[in-house]
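**Student:** The following block contains the structure, expressed as structure tokens.
There are 2 protein chains.
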Amino acid sequence: MESTPPTLSRKAQIDQTATALFRRRGYAATSMRELAAALGIEAGSIYSHIRSKEELLHRICFRVADEFMAGLRAATADDLAPAAVHLRLAIDSHVRVLIRDTDASAVFLHEWRHLSEPALSEFVQLQRGYEAAFRDMIARGVADGALRTPDPAFATLTLFASLTWLPNWYRPDGKLNPDQIAERLTDQLLGGLATDYNPTT
Amino acid sequence: MESTPPTLSRKAQIDQTATALFRRRGYAATSMRELAAALGIEAGSIYSHIRSKEELLHRICFRVADEFMAGLRAATADDLAPAAVHLRLAIDSHVRVLIRDTDASAVFLHEWRHLSEPALSEFVQLQRGYEAAFRDMIARGVADGALRTPDPAFATLTLFASLTWLPNWYRPDGKLNPDQIAERLTDQLLGGLATDYNPTT
DNA sequence: ATTGTTTGCTAACGAACGTTAGGAACCAGT
DNA sequence: ACTGGTTCCTAACGTTCGTTAGCAAACAAT
């Protein structure tokens, strides 16, 4: 059972509503009074649960960052697996986070720059490490012949471009369910790179 | 010669500085006092040249939209050319706009949602038409056998994803000059689609 | 019964916001 | 010399911002 109330705790509700608003209108353009109205309470009441507006953004960004990082660790846990397998699992994990938590992912991707120091630097560092891991996987895949691309660095950019674009077009009520989307996107992105690639379909 | 002063007109300077600020900090998070400070004047002075803050955003967004549209028209001017050629020229033109005017392009891509009606609807309509044109070119290219992709709609998404991502990584002081970037990006994006493609290099 | 936690209110603070009014300096063309 | 346009200033307007203080109701645990 739970020690917390049966539904979402108020703080969790605030996080959720703030995430949706930050995504739709942008962090800077969302006022605390707007957030309060969406929750059906007054602006001042929010501060019984949080310390500041930026704390909301901070929690969203770093929670999503944690999910991405955990997925990456799980995908590369098997040291003996080839780089191309690591890459496939990592892309798949990344897509699943994007789909499971589209609003928070969109905030993570576009609103992080409104963090202030020192959180901003910490976030950027996490981001760089994450991207570097993908670049390494692709480079190792090319080195061992499993992947083929005229320009690994550029391939990494294209990969992240496609991943980052997903929240812009994904609709939960679309024809494909999340698993199918993740599978298809992974297949498509890897299909363009692999020298010999057979999708699981 | 020119009837305007030798350097940029003040209004053009304001546009330029606003573009850079809107890009770096976001439209909503950029204050008129910040903009004024960057120009070395007082906030009130700006209103001798413009009517409102949103007018700045409006001008940036619709000017870039015009450039994209003009490029698309030029690329598809030759009715007799095959769809794959139209597509190549259109991608090339798009990339050149992105590179020539990176700041304005980034504002166009990310800040347009802060436009208010009716400009917002007008902008969205332009955007949809532009994307539809690319989708059609890809679909026709697939139909006539010049292009190959398991999912034309998804290919269009990936294409726009890569294009939209460019301002995020492009640096004018990089190794490649604008022409080389445009050529390489066009080659790479089309290379993944074409059934038989020989880059111009 | 009491205590502590959660939740929310009203009222207001100082700061920052976009914007305007009114005036002044400068400069080009007549 | 005069005129009209461009440019910028100071001062302030009304509004909205994030946030705080102080208080109160509801409820769970002891």
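So the sequences go chain by chain: R and E.
Quick note on the working numbering: the first sequence kicks off at 652 and runs consecutively.
Quick note on the working numbering: the second sequence kicks off at 652 and runs consecutively.
Cβ coordinates follow ideal geometry from the N, Cα and C atoms, glycine included.
Bear in mind the structure is a predicted one, so any value in this text is a computation, not a measurement.
Considering K662 (chain R), what are the terminal residues of the alpha helix (DSSP H) in which it resides?
**Tutor:** Per DSSP, K662 (chain R) belongs to the alpha helix (DSSP H) from R661 to R676.
**Student:** Report, in whole angstroms, the separation of the C-beta atoms of R739 (chain E) and T809 (chain E), which I expect to be a contact under 8 Å.
**Tutor:** The Cβ separation is near 16 Å, so there is no contact.
**Student:** In terms of residue numbering, what span does the alpha helix (DSSP H) encompassing S756 (chain E) cover?
**Tutor:** Looking at the DSSP string, the run of the alpha helix (DSSP H) that includes S756 (chain E) is T753 to H761.
**Student:** Taking H709 (chain R) as the query, report the chain E residues whose CB atoms sit under 7 Å from its CB, ordered along the chain.
**Tutor:** Simply none; closest approach about 16 Å.
**Student:** Does DSSP put L645 (chain E) in a helix, in a strand, or in coil?
**Tutor:** Because chain E in this structure spans residues 652 to 852, residue 645 (chain E) falls outside the shown range and cannot be described.
**Student:** List, in order along the chain, the chain E residues whose C-beta lies closer than 8 Å to that of W820 (chain R)?
**Tutor:** Those within 8 Å of W820 (chain R) in chain E are L808.
**Student:** Which of the residues in the stretch 780 to 808 of chain R, read from start to end, lie with their CB under 7 Å from any CB of chain E?
**Tutor:** Cβ contacts with chain E come from F805 and L808.
**Student:** Spell out a yes or no on whether the stretch 818 to 825 of chain R and the stretch 724 to 736 of chain R are touching, meaning 3 or more CB-CB pairs, one atom from each, closer than 8 Å.
**Tutor:** Judged by Cβ distances under 8 Å, the stretch 818 to 825 of chain R makes no contact with the stretch 724 to 736 of chain R, as fewer than three pairs qualify.
**Student:** Using a Cβ cut-off of 9 Å (strictly closer), state whether S699 (chain R) contacts chain E.
**Tutor:** No, its Cβ sits nowhere closer than 9 Å to a Cβ of chain E.
**Student:** Might you give, ordered along the chain, the residues of its own chain that have their beta carbon closer than 8 Å to the beta carbon of H700 (chain E), omitting 5 neighbours on each side?
**Tutor:** R661, K662 and I665.
**Student:** For L798 (chain R), does the three-state DSSP call read helix, strand or coil?
**Tutor:** Of the three classes helix, strand and coil, the one that applies to L798 (chain R) here is strand, per DSSP.
**Student:** Report buried or exposed for P769 (chain E), applying the criterion of at least 16 other Cβ atoms within 10 angstroms of its Cβ.
**Tutor:** Looking at its Cβ environment, which holds fewer than 16 other Cβ atoms inside 10 Å, P769 (chain E) is exposed.
**Student:** Checking contacts by CB at 9 Å: is Q626 (chain R) closer than that to chain E?
**Tutor:** In the structure as shown, chain R begins at 652 and stops at 852. Residue 626 (chain R) is therefore absent and cannot be evaluated.
**Student:** Please report whether the beta-carbon of T727 (chain R) lies at a distance below 9 Å from any beta-carbon of chain E.
**Tutor:** No - not a single Cβ of chain E is within 9 Å of the one on T727 (chain R).
**Student:** Output the distance between the C-alpha atoms of S811 (chain E) and V758 (chain E), rounded to the nearest integer angstrom.
**Tutor:** The identity of residue 811 (chain E) in the sequence shown is Phe, whereas the question assumes Ser. Each residue's alpha carbon lies about 16 Å from the other.
**Student:** Tell me whether the beta-carbon of I711 (chain E) lies closer than 9 Å to the beta-carbon of E762 (chain E).
**Tutor:** Yes, the pair counts as a contact, with Cβ atoms nearer than the cut-off.
**Student:** Output yes if chain E places a C-beta closer than 9 Å to the C-beta of F673 (chain R); else output no.
**Tutor:** No, no contact with chain E.
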